[in-house]
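J.:
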Amino acid sequence: MPSKQDLLDLQFIDVRHKLIDIAAFLDRIDRHPGEPDYRYEALQKALLTLLLDRPDRARAVLESLSDHSTGVTERAPFQGAFGAALPLIADH
Amino acid sequence: MKYIEPHGHMVSRTTDDYEKLALSGCEAICEPAFWAGFDRSSADGFYDYFRQLTEYEPKRAAKYGIKHYSWLCINPKEADDPGFAREVMSLIPQFLDCPTVLGIGEIGLNKNTRNELTIFEEHVQLAVDRDLPILIHTPHLEDKLKGTRLILDSLASFSQLDRAKVIIDHVEEHTISHVLDSGYWAGMTLYPESKCSPNRAIDMLELYGPERLWMNSACDWGHSDPLAVPKCALEMKRRQHSAQSIENIIYQNPRKFLSQSTRFTL
């Protein structure tokens, strides 16, 4: 099993790159005009889990971005998935 | 290195991809029926698709020394119209005796609707009646958790179902334990943007162990990589996994599950 040092040597630069990309994305959204969006709000909420002291942050992020409604409709009101639950569905 | 690609939509890929797969050590590809990127206008479209899966693709793969197998169904997205879905399902039995058809798949849910669930259960019953393995698709992104729960609840009502013959695919960190704890196989799909990255798949492998787990590329017409499985094997090597543990997850495990169909031979 690789040590913490081994994994940092192997993956730190890649993860650093991804972290800066997220920061730049947040900056980009902030400086452009437009209305608040549920996906951005969901992302901000999910980001808070990254600093929690728990062993399953990836699971927590995925759960945070999931539809937790329990109802089942007859037919799909729309097609496609967008990465975060629509507020109306999430509140259902 | 040899491996099995247990989930690839080769009808969407070029012949060059077959060559790359062969050069990377791929010995067999299994192709579930899926959504073509557009809704087909008639059941005849599916008849032609099933012929493509059972007649044409095995020949195309054979030119590169790769065995090609398929799974048949109407995908969950087009199953939201039950009348149409049943028309397509009536075509399936005549193809189930083809020598390269392994079972029913990839069935499942897309937007987690009652209609999708009804057709899903009719497919499961078809598989149970014929003692066929089942490959299950779980929904995308925000719909995955709810869809996985609905699928597991539904499967629990089939008392005759052999859970060892069912693989639930596209698991991620928030669904894998639900699937494995219920006694099913779980598939991890390696995608560039959605589903799993190689490192996340390896994390899950380390956390949950290799029992009843496989990896696939699910390469199709979208953003996907037909070489995702051998690339993940390389990442496993970089993370100090042994050659034996790599072979177990990319070759022995899929072979074990797929060999439950007597048609699957390597």
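First to last, the sequence lines map onto chains A and B. Per this note's numbering, residue 155 is the first one in the first sequence, and the count goes up by one each step. Per this note's numbering, residue 17 is the first one in the second sequence, and the count goes up by one each step. Quick reminder that beta carbons are idealized off the backbone N, C-alpha and C, glycines included. Given the structure is predicted, the values throughout are model-derived calculations rather than measurements.
#1: In the structure shown, what three-state DSSP assignment does PRO241 (chain A) receive?
#2: To which residues of the same chain is ALA178 (chain A) closer than 8 angstroms at the C-beta, ignoring the five residues directly before and after it?
#3: Are the CB atoms of TYR19 (chain B) and GLY41 (chain B) within a distance shorter than 7 angstroms?
#4: Helix, strand or coil, according to DSSP, for THR205 (chain B) in the structure here?
#5: So with Cβ pairs under 7 angstroms, would you call ARG130 (chain B) a contact of chain A?
#6: Keeping to the same chain, check which residues put their C-beta closer than 6 angstroms to that of ASP245 (chain A); ignore five residues upstream and five downstream.
#7: Please determine, among A:GLN198, A:ARG193, A:ASP210, the residue with the shortest C-alpha to C-alpha distance to HIS190 (chain B).
#8: Which runs of the alpha helix (DSSP H) fall wholly inside the segment 166-222 of chain A and span at least 4 residues, in chain order?
#9: Check ALA44 (chain B) in the structure and name its three-state DSSP category.
#10: Report the option in B:LEU157, B:ILE262, B:CYS89 whose CA atom is closest to the CA atom of SER106 (chain B).
#11: CA-CA distance, GLU73 (chain B) and HIS186 (chain B)?
#12: Do we get a CB-CB distance below 7 angstroms when we pair GLY237 (chain A) with the residues of chain B?
#13: With distances taken between CB atoms, is the gap from GLY203 (chain B) to ILE183 (chain B) smaller than 7 angstroms?
#14: So which residues on chain B does PRO241 (chain A) lean against when the C-beta distance must stay under 8 angstroms?
#15: Measuring only between beta-carbons, confirm whether ALA230 (chain A) sits less than 7 angstroms from chain B.
#16: Per the contact definition of three or more C-beta pairs closer than 8 angstroms, is the segment 44-52 of chain B in contact with the segment 118-125 of chain B?
#17: Within 8 angstroms, do at least three Cβ pairs link the segment 190-205 of chain A to the segment 100-114 of chain B?
#18: Quick check: the Cα distance between PHE66 (chain B) and GLN260 (chain B), rounded to an integer number of angstroms?
#19: Taking 7 angstroms as the cut-off, decide whether the C-beta atoms of TYR85 (chain B) and LEU37 (chain B) are in contact.
#20: THR203 (chain A) versus chain B: which residues are under 8 angstroms apart at the beta carbon?
#21: Below 7 angstroms on C-beta distance, what does GLU217 (chain A) contact in chain B?
#22: Nearest CA to the CA of ALA180 (chain B): which residue from B:ASP147, B:HIS23, B:PHE136?
T.: Judging by the given coordinates:
#1: In the first sequence, counting from the first residue as 1, residue 241 (chain A) sits at position 87. Three-state result, PRO241 (chain A): helix.
#2: Within the first sequence, the letter at position 24 stands for residue 178 (chain A). Around ALA178 (chain A): no qualifying Cβ.
#3: Stepping through the second sequence from its first residue, residue 41 (chain B) is reached at position 25. Stepping through the second sequence from its first residue, residue 19 (chain B) is reached at position 3. Between GLY41 (chain B) and TYR19 (chain B), the gap from beta carbon to beta carbon is short of 7 angstroms.
#4: Against the second sequence, residue 205 (chain B) aligns to sequence position 189. Under the three-state reduction of DSSP, THR205 (chain B) is assigned to strand.
#5: Here the question's residue 130 (chain B) lines up with position 114 in the second sequence. With 7 angstroms as the cut-off, ARG130 (chain B) counts as an interface residue toward chain A.
#6: Indexing the first sequence from 1 puts residue 245 (chain A) at position 91. Low local confidence applies: a pLDDT of 45 at ASP245 (chain A) is under 50, so the model's placement there is unreliable, and no value is given.
#7: Along the second sequence, read from residue 1 onward, the residue named residue 190 (chain B) stands at position 174. Residue A:ASP210 is the option with its Cα nearest to HIS190 (chain B).
#8: As far as the segment 166-222 of chain A is concerned, its whole alpha helix (DSSP H) runs of at least 4 residues are 192-201, 211-218.
#9: The sequence position of residue 44 (chain B) within the second sequence is 28, counting from 1. Collapsing the DSSP output to three states places ALA44 (chain B) in a strand.
#10: By one-based count along the second sequence, residue 106 (chain B) stands at place 90. Residue B:CYS89 is the option with its Cα nearest to SER106 (chain B).
#11: The residue you call residue 73 (chain B) lines up with position 57 of the second sequence. The residue you call residue 186 (chain B) lines up with position 170 of the second sequence. So the two alpha carbons sit approximately 23 angstroms from each other.
#12: As a position in the first sequence, residue 237 (chain A) is number 83, starting the count at 1. Interface residue, yes.
#13: In the second sequence, the residue the question calls residue 203 (chain B) occupies position 187. In the second sequence, the residue the question calls residue 183 (chain B) occupies position 167. For GLY203 (chain B) and ILE183 (chain B), yes; Cβs fall inside 7 angstroms.
#14: Looking up residue 241 (chain A) in the first sequence gives position 87. The contacting residues do not exist; PRO241 (chain A) stays about 12 angstroms from chain B at best.
#15: Mapped onto the first sequence, residue 230 (chain A) falls at position 76. Interface criterion met: the Cβ of ALA230 (chain A) is under 7 angstroms from a Cβ in chain B.
#16: Short answer: they touch.
#17: With the cut-off at 8 angstroms, the segment 100-114 of chain B and the segment 190-205 of chain A do not touch.
#18: One-based indexing of the second sequence puts residue 66 (chain B) at position 50. One-based indexing of the second sequence puts residue 260 (chain B) at position 244. If you draw a straight line from the Cα of PHE66 (chain B) to the Cα of GLN260 (chain B), it comes to about 36 angstroms.
#19: Within the second sequence, the letter at position 69 stands for residue 85 (chain B). Within the second sequence, the letter at position 21 stands for residue 37 (chain B). Taking 7 angstroms as the Cβ cut-off, TYR85 (chain B) and LEU37 (chain B) do not qualify as a contacting pair.
#20: Within the first sequence, numbered from 1, the residue matching residue 203 (chain A) stands at position 49. THR203 (chain A) does not reach chain B, its nearest Cβ partner there being about 12 angstroms away, counting only Cβ pairs nearer than 8 angstroms.
#21: Within the first sequence, the letter at position 63 stands for residue 217 (chain A). Among the residues of chain B, those whose CB is under 7 angstroms from the CB of GLU217 (chain A) are LEU161, HIS190, following chain order.
#22: The sequence position of residue 180 (chain B) within the second sequence is 164, counting from 1. Out of B:ASP147, B:HIS23, B:PHE136, B:ASP147 has the C-alpha closest to the C-alpha of ALA180 (chain B).
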